[in-house]
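Numbering (the UniProt record's numbering), first residue to last: 1 to 645. Cβ atoms here follow ideal geometry from the backbone N, Cα and C, with glycine treated the same way. Everything on this sheet refers to the single structure shown next.
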């Protein structure tokens, strides 16, 4: 019975598998058919676009419209027919030279950058990308300008590896991305910061930036760029010797790449996963990951990844002691066209070939392989590569019986290891310093923000209190007025009038004091500003401009209208004060009269000095001259006399 059930289960299982395979094949054919139909439709629509743009160019008399159509057409043709695209770019350029148009120039530079990129003229491409970004920022389209500069940062990073320049561009882009809440642009900026930090050996900072990048990509549902972020963070964990965590992160990236059909990223993620599995001694799992990567890479002709994966498969077979299989993989790499091999691939190939030659006793060839690797490591100051390559060569020399040379090379390997450790310690110390400075700045910014928020809250509370106070006062006044009017309308009319007059007088006294203090404060500020302008004027070439400002300040300080307004307020409060003085002391001048008015208000010498635009010492001299005119003895007080008048 068990055998029959098992057989039945197997048959059912096989039937289901065949059914699923048939369905998958049918789906693939349907998708392929849809793709072909879509391609034909797209080509037809694209041709219609080209025809309509060409019609606009031939028929329109508006130069701006014509130039815009030419640039749009150039963008459409730049990959398909670069020569024709260049003709349209040149025609648009001629139009903008005749009639300058800032936005047009910004677009023109962007299309030129794209054209030069297709022609592999990367210096010109970067120049025009920067020009385009700057022009868009000039006209206020800062988000588009920042997006173009983000493309420039990517180009600089890939082509020149000038990370200082990339950082300058990110410093310009990031605030704009945050201002407009462009999550995708911000994620790209943060990711570039992570790559810069990794390049400088700041692994913890790089890890922080890459985690933030992934969070931002997930928030923006930016799944197309997510696999690349997981590839970078996986690489970072590998560099930190945390291979288990690297595998976890790479698995997430593989699932996302698989879900969106991004096979090129999936192939690279699988190869990177295999690398970590080798370090974890999970050779069977590593072999499976590498085979999947190789299969995908060959399907899409991802040449660089094919070669790297073949070398990795050779490494696995060497570890398994399957030297024949390892040789077959390396021979396949050797047969590949040399133009497809970058420096990293050639280096890794020689390492694996050297290890294989060591195991199969081809010592001379192994030495040649390792010598090449040592030369490359020395060129790039790669202590890590020097350490392991010299160690490998030392083992070969030891097997050849050249013990002294082997010992010397082993010491060199140890020295390279020490240099590597020293470099890592220095990088860690610098990283800690950067982290400390960053945290300090973040705390300062947070403190400033909290202080601003607190001030805003205090301002709101003060404003609310003031409004409540005003409303309360108004309510009390209205209520008091109504009660007073109802109860004592007839009996207290005269008293009410008297109170009103007293209130007016009190208000005028307050108004007078306020005006005097305001006048003092205004003159103090203007004098201070005047001194500052004089100081700046001495350091500037624009002397006439500064002198004009100083003259205006002097006019405002000495403006008689200010004094006449003060005099009007003063006479409203202190009736006949000026008349009494002129009657009793006819020798008193207008300046003396001003001084006595201010003394009557019991103002300080500094306040009087600011109002009269003289020094405190000048006030003392004026008081002394006034005492003489009033014939006051040293025992008599000028202040008391003036107040009593």
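Residue interval of the alpha helix (DSSP H) (run including residue 289): 283-299
Assigned secondary structure, residue 101 (DSSP; H/G/I helix, E/B strand, else coil): DSSP places residue 101 in coil when its eight states are reduced to three.
To the nearest angstrom, how far is the alpha carbon of residue 212 from that of residue 190? 7 Å
I believe residue 95 touches residue 67 by the beta-carbon criterion, under 8 Å. Please report the beta-carbon distance rounded to the nearest angstrom. 4 Å
Compute the Euclidean distance between the alpha carbons of residue 262 and residue 224, then round it to the nearest angstrom. 8 Å
Selected residue, minimal CA-CA separation from residue 81, among 147, 175 and 119: 119
Span separating the alpha-carbon of residue 596 from that of residue 617: 17 Å
Expressed to the nearest angstrom, what Euclidean distance is found between the alpha-carbon atoms of residue 353 and residue 407? Residue 353 and residue 407 have their C-alpha atoms some 23 Å from each other.
For the alpha helix (DSSP H) containing residue 590, name the first residue and the last one. 590-600
For residue 389, count neighbouring Cβ atoms within 10 angstroms of its own Cβ and tell me buried if that reaches 16, exposed if not. buried
Please list the terminal residues of the continuous alpha helix (DSSP H) segment that includes residue 309. Its alpha helix (DSSP H) spans residues 303-319.
Quick one, which of 285, 318, 323 and 342 has its alpha-carbon nearest residue 304's? 342
Looking at residue 377 and residue 391, is the spacing between their C-beta atoms short of 8 Å? no
Endpoints, the alpha helix (DSSP H) within which residue 630 is located: No alpha helix (DSSP H) holds residue 630; DSSP gives it neither H nor E.
Give me the Cα-Cα distance between residue 459 and residue 467, rounded to the nearest whole angstrom. 12 Å
Could you work out which residue in 576, 159 and 587 is closest to residue 117 when comparing CA atoms only? In terms of Cα proximity to residue 117, the closest of 576, 159 and 587 is 159.
Inter-stretch contact (C-beta, 8 Å, three-pair minimum) for the stretch 607-615 and the stretch 631-639: no
Roughly how many angstroms lie between the CA atoms of residue 370 and residue 251, to the nearest whole one? Their Cα atoms are separated by approximately 34 Å.
Contact between the stretch 289-309 and the stretch 260-275 is defined here as three or more beta-carbon pairs at a separation below 8 Å; is this criterion met? Yes, the stretch 289-309 is in contact with the stretch 260-275.
Just how far apart, CA to CA, sit residue 349 and residue 374? 13 Å
Going by CA-CA distance only, name the one from 115, 143 and 205 that's closest to residue 76. 115
Mind checking whether residue 243 and residue 276 have CB atoms under 8 Å apart? yes
Go ahead and label residue 270 buried or exposed: buried means 16 or more other beta carbons lie within 10 angstroms of its beta carbon, across all protein chains shown. buried
As assigned by DSSP and simplified to three states, the class of residue 270: DSSP places residue 270 in helix when its eight states are reduced to three.
Is the separation between the beta-carbon of residue 126 and that of residue 156 shorter than 8 Å? yes
Cβ separation of residue 360 and residue 323, assumed to be a contact under 8 Å, to the nearest whole Å: The C-beta separation of residue 360 from residue 323 comes to about 6 Å, placing the pair in contact by the 8 Å criterion.
Return the first residue and the last residue of the alpha helix (DSSP H) that residue 360 is part of. Neither: residue 360 is in no alpha helix (DSSP H) and is coded neither H nor E.
Note the first and the last residue of the continuous alpha helix (DSSP H) segment covering residue 260. Per DSSP, residue 260 belongs to no alpha helix (DSSP H) and is neither H nor E.
Can you give me the C-alpha to C-alpha distance between residue 284 and residue 258, rounded to a whole angstrom? 22 Å
Rounded to whole angstroms, what is the Cα-Cα separation between residue 629 and residue 586? About 10 Å.
List the endpoints of the continuous alpha helix (DSSP H) containing residue 195. 183-199
Would you kindly report the start and end of the unbroken alpha helix (DSSP H) that includes residue 234? Segment 226-239, the alpha helix (DSSP H) holding residue 234.
Under a Cβ-count criterion, where at least 16 other Cβ atoms within 10 Å of its own Cβ denotes burial, should residue 315 be classed as buried or exposed? buried
In three-state DSSP terms, what is residue 137? helix
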